Amino acid sequence: MIESLRAGRRQHSSLHGVGVYRPTRAVSNDEVCRTIDSTPDWIEARSGIVTRRFAGSEETLTAMAVAAGGKALADAGVPADRIDCVVVASMSNLVQTPPLAITVVDGLGLPNAAGFDVSAACAGFCHALATASDMVCTGQAEHVLVIGVERMTDIVDPADRSIAFLFADGAGAVVVGPGDRQGIGPAIRAADAESLAALRMNTSWGDFRADPALDPPMMKMDGKRVFRWAVENVVPACRRALDAAGVTAADVRAFIPHQANLRMIEVLADRLGLAENAVVARDVRDSGNTSSASIPLAMHRLLAQGDVGPGDIALLVGFGAGLNLAAQAVLLPGQRR
Ligand SMILES: CC(C)(COP(=O)(O)OP(=O)(O)OC[C@H]1O[C@@H](n2cnc3c(N)ncnc32)[C@H](O)[C@@H]1OP(=O)(O)O)[C@@H](O)C(=O)NCCC(=O)NCCS
4 MIESLRAGRR QHSSLHGVGV YRPTRAVSND EVCRTIDSTP DWIEARSGIV
54 TRRFAGSEET LTAMAVAAGG KALADAGVPA DRIDCVVVAS MSNLVQTPPL
104 AITVVDGLGL PNAAGFDVSA ACAGFCHALA TASDMVCTGQ AEHVLVIGVE
154 RMTDIVDPAD RSIAFLFADG AGAVVVGPGD RQGIGPAIRA ADAESLAALR
204 MNTSWGDFRA DPALDPPMMK MDGKRVFRWA VENVVPACRR ALDAAGVTAA
254 DVRAFIPHQA NLRMIEVLAD RLGLAENAVV ARDVRDSGNT SSASIPLAMH
304 RLLAQGDVGP GDIALLVGFG AGLNLAAQAV LLPGQRR
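Numbers 4 to 340, taken from our numbering, label the letters of the sequence shown in order.
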């Protein structure tokens, strides 16, 4: 009798490349204040956001994901036929089927790739990255394209002053592949189901279709509750992620948290006790909160600016609706794998 099944081939996983797509239209705080009762100064003081990008009608989720994914493949130097799977994280995908990941397989012409979507709100990218890393480590895939993509403007009411100034659109992607050393640490995940209402859709499409008198489905947020929860829970999860990867806060060269808002990022960075020369991603200033796209967007900016380099240790943490989070330490993509 067979008592055990064969495990997949074990190997290391690492980040091979990163690519992004930023929508062409930049939107100032002045412009946001045309639809809400607010001021540019209030928005900048409370969120740190100065400008953000809103996608136009041609900048669909698929178009942005394909653009970011194609750049990540080029950055990694991995040909299209070597991608085995595409994993797309998104919370703003209103087309439930076919999976967004398969539209990317089609758009990029990946002849050997499977694909599936991940829905974990602003923690989506870190969950997707962990899944891709596990696929590579267990020999289920050689190369996986991981994409975070959002059109938050499709699910945020531009007249809702509690939320309209925060969220924005964009896409970021990484290629995960084999490495000669482990470049992606184990993910730490957590959820607090008691905070389900803190960040949620006000209604479902099903309820809206049954009763068109309802408001259309839009995101609602208890900003204070989200802030408090994140400050309490994100730092311990980050510490556990560093511990799991066998490094300490002093080893971290780049802290790349979900770009929720700058005040929160500053509090988290402060509490982590990073080294003086550690770089903190502050892409939120120019990109707003792009949910599952925010971490690869911020990673790309730090690398493009030369603030960090290949092989540097970065701490990633995504957090949001659920409320839920995922965190992992990584070696930034570059020459040595
Ligand atoms: C959203 C957030 C910036 C709001 O800041 P805040 O300090 O909590 O603001 P409050 O909601 O307590 O409102 C404070 C005051 O500003 C007012 N206000 C709220 N929104 C405003 C706006 N857009 N413009 C001007 N004033 C506003 C409120 O009416 C309130 O006025 P009052 O003191 O006279 O009652 C903050 O809660 C936050 O950053 N939360 C985290 C949200 C987040 O990151 N979500 C994404 C997670 S994925």
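A virtual CB, placed ideally from N, CA and C, is assigned to each residue, including glycine.
These numbers were taken from a predicted model, which means no experiment stands behind them.
Beta-carbon contacts of residue i that lie in its chain and below 7 Å, excluding the five residues immediately before and after
i: phenylalanine 322; result: Cys125, Ala126, Ala233, Val237, His261, Leu328
i: methionine 138; result: Cys88, Ala144, Val147
i: alanine 58; result: Pro26, Met67, Arg154, Thr156, Asp172
i: serine 136; result: Ser16, Val179, Ile187
i: glycine 110; result: Thr65, Val69
i: alanine 272; result: Phe258, Val283
i: alanine 29; result: Thr54, Arg56
i: aspartate 218; result: Asn205, Thr206
Contact test: residue i Cβ vs ligand 1 heavy atom, cutoff 7 Å
i: valine 255; result: no
i: histidine 130; result: no
i: arginine 49; result: yes
i: phenylalanine 168; result: yes
i: isoleucine 39; result: yes
i: leucine 300; result: no
i: lysine 223; result: no
i: leucine 202; result: yes
i: alanine 240; result: no
i: alanine 272; result: no
i: valine 229; result: yes
i: tryptophan 45; result: yes
i: asparagine 205; result: no
i: methionine 155; result: no
i: alanine 317; result: no
i: asparagine 292; result: yes
i: arginine 266; result: yes
i: arginine 288; result: no
i: glycine 127; result: no
i: serine 165; result: yes
Residue i, buried or exposed, once every other Cβ within 10 Å from all chains shown has been counted against 16
i: arginine 339; result: With a pLDDT of 47 at arginine 339, under the threshold of 50, the modelled position of that residue is not reliable, and the figure given next carries that caveat. Arginine 339 is exposed by the Cβ-count criterion.
i: methionine 4; result: exposed
i: serine 50; result: buried
i: asparagine 115; result: exposed
i: glycine 309; result: exposed
i: glutamate 62; result: buried
i: alanine 213; result: exposed
i: glutamine 99; result: exposed
i: lysine 74; result: buried
i: serine 7; result: exposed
i: aspartate 183; result: exposed
Contacts around residue i, its chain only, beta-carbon distance under 6 Å, and the 5 residues preceding and following it disregarded
i: glycine 276; result: Ala252
i: glutamine 185; result: His15
i: alanine 79; result: His19, Gly20, Val178
i: alanine 131; result: Val90, Ala92, Val121, Val149
i: leucine 113; result: Ala83, Ile86
Own chain partners of residue i with C-beta closer than 8 Å, once the 5 adjacent residues on each side are dropped
i: proline 220; result: Ile158, Met204, Asn205, Thr206, Ser207, Trp208, Phe211
i: leucine 18; result: Val177, Val178, Val179, Gly186, Ile187, Val333, Leu334, Leu335, Pro336
i: alanine 77; result: Gly20, Gly22
May I ask you to verify whether the stretch 35-50 touches the stretch 202-216, counting CB pairs closer than 8 Å and requiring at least 3? These segments do not touch.
Pair every Cβ in the stretch 243-252 with every Cβ in the stretch 188-198, then say whether three or more of these pairs are closer than 8 Å. yes
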